[in-house]
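Student: Take a look at this one; I'll ask things after.
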Amino acid sequence: INSIVAEVKSYRADHGSEDLSFRLATGNVGVMAATNEEVDAAQFPILLYVFGAVIFLCLYEFRSLRSVLCIILPLALVSVLAYALMSVLEIGLKVSTLPVVALGVGVGVDYGIYIFSRLKSYLDQGHTLQDAYLHTLAITGNGVVFTGVTLAIGVATWIFSPLKFQADMGILLTFMFLVNMLGAILLLPALACWLLKTNPAGQDVGDTTREESIDDT
20 INSIVAEVKS YRADHGSEDL SFRLATGNVG VMAATNEEVD AAQFPILLYV FGAVIFLCLY
80 EFRSLRSVLC IILPLALVSV LAYALMSVLE IGLKVSTLPV VALGVGVGVD YGIYIFSRLK
140 SYLDQGHTLQ DAYLHTLAIT GNGVVFTGVT LAIGVATWIF SPLKFQADMG ILLTFMFLVN
200 MLGAILLLPA LACWLLKTNP AGQDVGDTTR EESIDDT
């Protein structure tokens with residue numbers, strides 16, 4: 020379809036005039052070509068709006084740019100990996116796959132907020148990062164893993180659907196649910212260790228908006 024549209028546009032540019040204007044015909048090919056153009060134009064604005072809303076709300080909640088980066092960077096990485104998976108599996112960008120990445124971000128940010136909020140609460144209490152991480156996994160980690168696996172199993176059944184668009188969505192959603200879960204559990208704490216710059220006593224010296232921790236007794 021893209022090659023046909025490109026040829027028509029090239030011919031129109033070479034032979035068009037003020038008195039003669041070539042327009043793309045309707046029919047199935049014309050409608051599909053117009054749909055593809057709209058989908059291609061909409062993909063990045065949609066992601067921009069989604070990430071913008073997530074960044075704003077996380078910044079409002081945690082009052083720290085470093086904290087926001089800990090939550091957002093894993094989501095951004097998984098979004099890039101999702102597009103890479105689409106390229107490897109030759110899954111085209113279409114109406115059915117357009118909202119998948121945005122949906123993955125919306126669900127994945129829940130994992131990040133659950134993990135980070137619990138991790139930060141333990142750091143605020145004076146725990147070391149290692150202890151805070153272990154406590155977080157014991158309390159919140161089980162719920163995050165259970166939720167991610169449950170959602171992934173549910174949409175994984177779509178992979179066996181005879182409808183190609185549903186099978187494609189099943190592959191992408193399964194990937195995003197699982198990898199977002201792993202990103203929140205594995206990558207987010209690593210980013211917190213680097214960005215928050217916790218000291219051995221567990222005090223966050225990088226977040227200037229937080230009150231000083233109570234001295235160890």
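Convert by adding 19 to the 1-based position in the sequence shown; the result is the number in the working numbering. Ideal Cβ placement from N, Cα and C applies to all residues, glycine included. Just so you know, these numbers come straight off a predicted model, no measurement behind them.
1) Roughly how many whole angstroms lie between the Cα atoms of GLN185 and TYR102?
2) Would you report the Cα separation of GLY221 and LEU142, rounded to the nearest angstrom?
3) Exposed or buried, what is ILE134 when buried is set at 16 or more other beta-carbons lying within 10 Å of its beta-carbon?
4) Could you tell me the boundaries of the alpha helix (DSSP H) in which LEU215 lies?
5) What's the call for HIS146, buried or exposed, on a 16-neighbour Cβ count within 10 Å?
6) Which of the three DSSP states, helix, strand or coil, is assigned to GLU80?
7) Take ILE74 and list the residues in its own chain whose beta-carbon comes closer than 7 Å to its own, dropping the five residues that flank it on each side.
8) Using only CA atoms, which one of PRO118, LYS183, GLY160 lies nearest to LEU207?
9) Buried or exposed: which applies to LEU182, given that a residue is buried once 16 or more other Cβ atoms fall within 10 Å of its Cβ?
10) For SER115, which three-state DSSP category applies?
11) Report the three-state DSSP secondary structure of SER180 (helix, strand or coil).
12) Under DSSP, the alpha helix (DSSP H) around THR166 begins and ends at which residues?
13) Please say whether LEU122 and LEU192 have beta carbons closer to each other than 9 Å?
14) Within this structure, are the beta carbons of ASP59 and ILE110 separated by less than 9 Å?
Tutor: The short version:
1) Your numbering for residue 185 matches position 166 in the sequence shown. Your numbering for residue 102 matches position 83 in the sequence shown. The alpha-carbon separation between GLN185 and TYR102 amounts to approximately 17 Å.
2) The residue you call residue 221 lines up with position 202 of the sequence shown. The residue you call residue 142 lines up with position 123 of the sequence shown. Unreliable positioning characterises GLY221 in this predicted model, as indicated by a pLDDT of 43, which lies under 50. The coordinate reading is nonetheless provided below. Straight-line Cα distance between these residues: approximately 5 Å.
3) The residue you call residue 134 lines up with position 115 of the sequence shown. Counting Cβ neighbours within 10 Å, ILE134 comes out buried, since at least 16 surround it.
4) As a working mapping, residue 215 is identified with position 196 in the sequence shown. For LEU215, no alpha helix (DSSP H) run applies, since DSSP gives it neither H nor E.
5) Sequence index remark: in the sequence shown, residue 146 carries index 127 (1-based). Buried, by the Cβ-count rule.
6) Taking the sequence shown and counting its residues from 1, the one referred to as residue 80 is at position 61. DSSP places GLU80 within a helical segment (H, G or I) once states are collapsed to three.
7) Position 55 of the sequence shown, counted from the start, is the residue given in the question as residue 74. Excluding positions up to five away in sequence, the list reads VAL87, ILE91.
8) Your numbering for residue 207 matches position 188 in the sequence shown. The shortest Cα separation from LEU207 among PRO118, LYS183, GLY160 belongs to GLY160.
9) Reading the sequence shown from its first residue, position 163 is the one you call residue 182. Residue burial annotation: LEU182 is exposed, with fewer than 16 other C-beta atoms found within 10 angstroms of its C-beta.
10) Here residue 115 is taken as the residue at index 96 of the sequence shown, counted from 1. In this structure, DSSP gives SER115 a state outside helix and strand, which the three-state scheme calls coil.
11) Here residue 180 is taken as the residue at index 161 of the sequence shown, counted from 1. Of the three classes helix, strand and coil, the one that applies to SER180 here is coil, per DSSP.
12) For the purposes of this step, residue 166 is identified with residue 147 of the sequence shown, where counting begins at 1. Element bounds for THR166: 161-175.
13) Stepping through the sequence shown from its first residue, residue 192 is reached at position 173. Stepping through the sequence shown from its first residue, residue 122 is reached at position 103. Using a Cβ distance threshold of 9 Å, LEU192 and LEU122 count as a contacting pair.
14) Working through the sequence shown from its first residue, we reach residue 59 at position 40. Working through the sequence shown from its first residue, we reach residue 110 at position 91. In this structure, ASP59 keeps its C-beta atom at 9 Å or more from the C-beta atom of ILE110.
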